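Here the structure is laid out as structure tokens; the discussion comes afterwards.
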Amino acid sequence: MNQAWQWLTRPANWHGSEGIPIRVLEHLAYTGIAFGLAAAIALPLGVIIGHTGRGAFAVISLGNFGRALPTLGLLVFAYVLVTSSVDWVIPLVILAIPPILVNAYEGVLGVDPDLKDAARGMGMTGRQVLTRVEIPVALPLIMLGLRIAAIQVVATATIAAYIGLGGLGRYIIDGLANNDYAEVAGGAIVVVVLALLVQAALLILQRFTVSPGLRGQARSS
Amino acid sequence: MSWAWANRDFLLGLIGDHLVLALVPIVVGIAIALPAGVLCARFRWAYPPVLSATTILYAIPSLAFFMILIDYTGLTRTTVIIPLTLFSLSILIPAVVDGLRSVPEPVRQAATAMGFGPLRRLVTVELPVAIPVIIGGLRVATVSSISLVSVGQLIGIGGLGYLFIDGEQRFFMTEIVVGIVLSIVLALLADSVLVLLRRLLTPWLRGRSGTGRARDPGLRAAATGRAGERRLAGLQREKAGAGAGGGAAGAVSTEGAR
Numbered sequence: 051m052n053q054a055w056q057w058l059t060r061p062a063n064w065h066g067s068e069g070i071p072i073r074v075l076e077h078l079a080y081t082g083i084a085f086g087l088a089a090a091i092a093l094p095l096g097v098i099i100g101h102t103g104r105g106a107f108a109v110i111s112l113g114n115f116g117r118a119l120p121t122l123g124l125l126v127f128a129y130v131l132v133t134s135s136v137d138w139v140i141p142l143v144i145l146a147i148p149p150i151l152v153n154a155y156e157g158v159l160g161v162d163p164d165l166k167d168a169a170r171g172m173g174m175t176g177r178q179v180l181t182r183v184e185i186p187v188a189l190p191l192i193m194l195g196l197r198i199a200a201i202q203v204v205a206t207a208t209i210a211a212y213i214g215l216g217g218l219g220r221y222i223i224d225g226l227a228n229n230d231y232a233e234v235a236g237g238a239i240v241v242v243v244l245a246l247l248v249q250a251a252l253l254i255l256q257r258f259t260v261s262p263g264l265r266g267q268a269r270s271s
Numbered sequence: 002m003s004w005a006w007a008n009r010d011f012l013l014g015l016i017g018d019h020l021v022l023a024l025v026p027i028v029v030g031i032a033i034a035l036p037a038g039v040l041c042a043r044f045r046w047a048y049p050p051v052l053s054a055t056t057i058l059y060a061i062p063s064l065a066f067f068m069i070l071i072d073y074t075g076l077t078r079t080t081v082i083i084p085l086t087l088f089s090l091s092i093l094i095p096a097v098v099d100g101l102r103s104v105p106e107p108v109r110q111a112a113t114a115m116g117f118g119p120l121r122r123l124v125t126v127e128l129p130v131a132i133p134v135i136i137g138g139l140r141v142a143t144v145s146s147i148s149l150v151s152v153g154q155l156i157g158i159g160g161l162g163y164l165f166i167d168g169e170q171r172f173f174m175t176e177i178v179v180g181i182v183l184s185i186v187l188a189l190l191a192d193s194v195l196v197l198l199r200r201l202l203t204p205w206l207r208g209r210s211g212t213g214r215a216r217d218p219g220l221r222a223a224a225t226g227r228a229g230e231r232r233l234a235g236l237q238r239e240k241a242g243a244g245a246g247g248g249a250a251g252a253v254s255t256e257g258a259r
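Residue numbers (this note's numbering), protein chains in the order written: chain S, 51 to 271; chain C, 2 to 259.
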């Protein structure tokens, strides 16, 4: 740990194209791209399936199956199959989809039927019920899905350094290759800090987006 | 296929390794989560801090976790087993707490009225009633654990992960695909074993319609991630003055009914 601290405080590690700030930005960029793509696919799908109730079995099976996928296996599979510099996108997106999809689906499905009845009784159309009632009420669960997906993506982007991706995983993979434990541990600490900051950011976002009336979450009765 | 058959003994060895690395954390995890969950269900103030701690641990990327531990536990199996155990806690402790809270209040009162003390009531009534939810959590934790083990191969300890690293270095797709398929099959098999276990342990639920996974309250609560966060929210709501009895238990049972 001492070595790691020395590595972290060495000024040379904070400058240049392989410095910590650049690596952090790279890591955030990969994470953002994969997370954005996964959310763009999974959020509308999960919300619509929860709203219509059609395809529920597929969502639950997919959620189960997604958890069973081995991260490292998918990464090397994509690496050998695609052999281009965007090989990492596919596994990251695939791994982030199930948690977003399942939670969006469960969230919308779990909205109290009385609420939906009341909304309809007020003259809302199906679309209005969805956007003004179901999605806001489901938001805490939707955000939980996004947070789990973010954990997954940050972690997998780290491992993707093994197939040549930049970002913070580089320190770990290169350090292991060079038997430089200070670099390995230093890089690992930066990854942990980044992962926790991403979670904190999403929690703050949740604080601002979820209606104050729902702070207590998921009314069940 | 022929490659897998020709190397069957070697693959069996990897599968054995993989199972040890994945399942030891689950066994240790449930051994910690049961008492911890019972305590958290009993002393409500203890649950939010425990939940926050496991949530933070869960957010740590596995690879980084392994690397930090190398300094203390070296390149041993322990380095892989400790993080997986801690990850499993973030699923198992909420599952135990949710399970205990899913016990209907009348059942609890009936047991008390029959003269059961707190310990006997816990062991013979509350825990058995909580089994579906607890096993739902175990299923999620077990499947995740099996899929995560292979990352350990980056420090040389990863069961089937060996096939990924070796396959990548030799650019040999068959080996990678065999590794992925075996890993998924192991996870789904372990999942089925747990479903079977739940059927055996809860004979009173048999014959009821809707034992399918879509209606499995335990799995559904756990499937959305760490169900505990919802329960935590439920707790705050109760604090805010809503009815205590129906709150947490109601959430799980209504989920099951929908």
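Virtual Cβ for every residue (Gly too), placed ideally from N, Cα, C. Since we're looking at a predicted model, the values are computed, not measured.
Given that residue i touches chain C, what residues does it touch there, using C-beta distances under 7 Å?
{"i": "Q249 (chain S)", "result": "A60"}
{"i": "Y212 (chain S)", "result": "L155"}
{"i": "L122 (chain S)", "result": "S151, V152, Q154, G162, F165"}
{"i": "A235 (chain S)", "result": "M68, I69, D72"}
Buried or exposed for residue i, going by 16 or more other Cβ atoms inside 10 Å?
{"i": "S67 (chain S)", "result": "exposed"}
{"i": "T181 (chain S)", "result": "exposed"}
{"i": "I192 (chain S)", "result": "buried"}
{"i": "L93 (chain C)", "result": "buried"}
{"i": "V136 (chain S)", "result": "exposed"}
{"i": "Q249 (chain S)", "result": "buried"}
{"i": "F11 (chain C)", "result": "exposed"}
{"i": "S254 (chain C)", "result": "Because S254 (chain C) carries a pLDDT of 32, less than 50, the predicted location of this residue cannot be relied on, and no value is offered for it."}
{"i": "T206 (chain S)", "result": "buried"}
{"i": "Y73 (chain C)", "result": "exposed"}
{"i": "L142 (chain S)", "result": "buried"}
{"i": "N63 (chain S)", "result": "buried"}
{"i": "L101 (chain C)", "result": "buried"}
{"i": "D99 (chain C)", "result": "buried"}
Mapping DSSP to helix, strand and coil, what is residue i?
{"i": "E68 (chain S)", "result": "coil"}
{"i": "D137 (chain S)", "result": "coil"}
{"i": "F172 (chain C)", "result": "coil"}
{"i": "F107 (chain S)", "result": "helix"}
{"i": "G159 (chain C)", "result": "coil"}
{"i": "T125 (chain C)", "result": "helix"}
{"i": "D230 (chain S)", "result": "coil"}
{"i": "R60 (chain S)", "result": "coil"}
{"i": "F44 (chain C)", "result": "coil"}
{"i": "M115 (chain C)", "result": "coil"}
{"i": "L264 (chain S)", "result": "helix"}
{"i": "T74 (chain C)", "result": "helix"}
{"i": "G237 (chain S)", "result": "helix"}
{"i": "D167 (chain S)", "result": "helix"}
{"i": "N8 (chain C)", "result": "coil"}
{"i": "M2 (chain C)", "result": "coil"}
{"i": "V104 (chain C)", "result": "coil"}
{"i": "L215 (chain S)", "result": "coil"}
{"i": "M174 (chain S)", "result": "coil"}
{"i": "L274 (chain S)", "result": "Past the edges of chain S, shown from 51 to 271, lies residue 274 (chain S), and the structure says nothing about it."}
Against residue i, what residues of chain C qualify as contacts under a CB-to-CB distance less than 8 Å, listed in chain order?
{"i": "V242 (chain S)", "result": "I61, P62, A65, F66, I69"}
For residue i versus residue j, is the C-beta distance shorter than 7 Å?
{"i": "L218 (chain S)", "j": "H77 (chain S)", "result": "yes"}
{"i": "A92 (chain S)", "j": "L151 (chain S)", "result": "yes"}
{"i": "I61 (chain C)", "j": "V242 (chain S)", "result": "yes"}
{"i": "A211 (chain S)", "j": "R220 (chain S)", "result": "yes"}
{"i": "V158 (chain S)", "j": "G195 (chain S)", "result": "no"}
{"i": "I166 (chain C)", "j": "F127 (chain S)", "result": "no"}
{"i": "M68 (chain C)", "j": "I110 (chain S)", "result": "no"}
{"i": "I213 (chain S)", "j": "L125 (chain S)", "result": "yes"}
{"i": "A169 (chain S)", "j": "V161 (chain S)", "result": "no"}
What does residue i touch in chain S if you count any residue whose Cβ is under 8 Å from its own?
{"i": "S145 (chain C)", "result": "R117"}
{"i": "V134 (chain C)", "result": "The contacting residues do not exist; V134 (chain C) stays about 15 Å from chain S at best."}
{"i": "G138 (chain C)", "result": "Chain S residues near G138 (chain C): none, gap ~13 Å exceeds 8 Å."}
{"i": "V141 (chain C)", "result": "R117"}
Taking residue i as the query, report the chain S residues whose CB atoms sit under 9 Å from its CB, ordered along the chain.
{"i": "M174 (chain C)", "result": "F127, V130, L131"}
{"i": "S53 (chain C)", "result": "What S53 (chain C) touches in chain S: nothing, since even the nearest Cβ is about 11 Å away."}
{"i": "L189 (chain C)", "result": "N114, F115, A118"}
{"i": "I27 (chain C)", "result": "The contacting residues do not exist; I27 (chain C) stays about 14 Å from chain S at best."}
Which same chain residues, not among the five before or five after residue i, have their C-beta less than 6 Å away from its C-beta?
{"i": "L161 (chain C)", "result": "L15, H19, S151, G180, L183, S184"}
{"i": "G236 (chain S)", "result": "A54, W57, L58"}
{"i": "T212 (chain C)", "result": "Confidence in T212 (chain C) is poor, its pLDDT being 46 and thus under 50, which makes the residue's placement unreliable; the coordinate value appears in the next sentence. Within the same chain, T212 (chain C) has no close Cβ partners at all."}
Give me, in chain order, the residues of the same chain whose beta-carbon lies closer than 7 Å to that of residue i; leave out the 5 immediate sequence neighbours on both sides.
{"i": "S89 (chain C)", "result": "P26, I27, G30, A142, S146"}
{"i": "S91 (chain C)", "result": "T55, T56, L58, Y59, R227"}
{"i": "G118 (chain C)", "result": "none"}
{"i": "R199 (chain C)", "result": "I132, P133, I136"}
Residues in the same chain with beta-carbon distance under 8 Å from residue i, minus the five sequence neighbours each way, listed in chain order, please.
{"i": "L226 (chain S)", "result": "V234"}
{"i": "A245 (chain S)", "result": "I201, V204, A205"}
{"i": "E169 (chain C)", "result": "I177"}
Interface residues of chain S around residue i at Cβ under 7 Å?
{"i": "I177 (chain C)", "result": "G123, V126, F127, V130"}
### Task
Scan the region 84–102 of chain S for residues whose Cβ lies nearer than 7 Å to a Cβ of chain B and list them as they occur along the chain.
Any reference to chain B falls outside this structure, whose protein chains are S and C.
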